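Engineer:
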Amino acid sequence: MKTSHPGPPINNSEILLILGTDLAGKDHFANVLTDAAAVAGIRVERRRGRF
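The sequence shown runs 121 to 171 under my numbering.
Next comes the structure, spelled out in structure tokens:
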């Protein structure tokens with residue numbers, strides 16, 4: 121079965137994975153990066169919990 125997703129194929133060099141403990145400030149860091157990416161026109165997908 122073939123599945124499709126929106127947007128161009130994902131290049132692994134374009135993936136940023138932010139890991140850390142709950143108190144490490146990674147949510148704030150991810151928010152800053154997401155805002156900057158949106159201004160630059162970059163599509164962002166955020167996942168929480170297990171990926």
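We treat Cβ as the ideally placed atom computed from N, Cα and C, and that holds for glycine.
Since we're looking at a predicted model, the values are computed, not measured.
Would A156 and V164 be called neighbours here (beta carbons separated by less than 7 Å)?
Structural biologist: Taking 7 Å as the Cβ cut-off, A156 and V164 do not qualify as a contacting pair.
Engineer: Taking G167 as the reference, which of G145, A144, A150, T141 has the closest Cα?
Structural biologist: Rather than Gly, the amino acid found at residue 167 in this sequence is Arg. The candidate whose alpha carbon is nearest that of R167 is A150.
Engineer: What are the boundary residues of the alpha helix (DSSP H) that includes V159?
Structural biologist: Start and end: 146 to 160.
Engineer: For A144 and G161, what's the separation of their Cα atoms in angstroms?
Structural biologist: Rounded to the nearest angstrom, the two C-alpha atoms are 27 Å apart.
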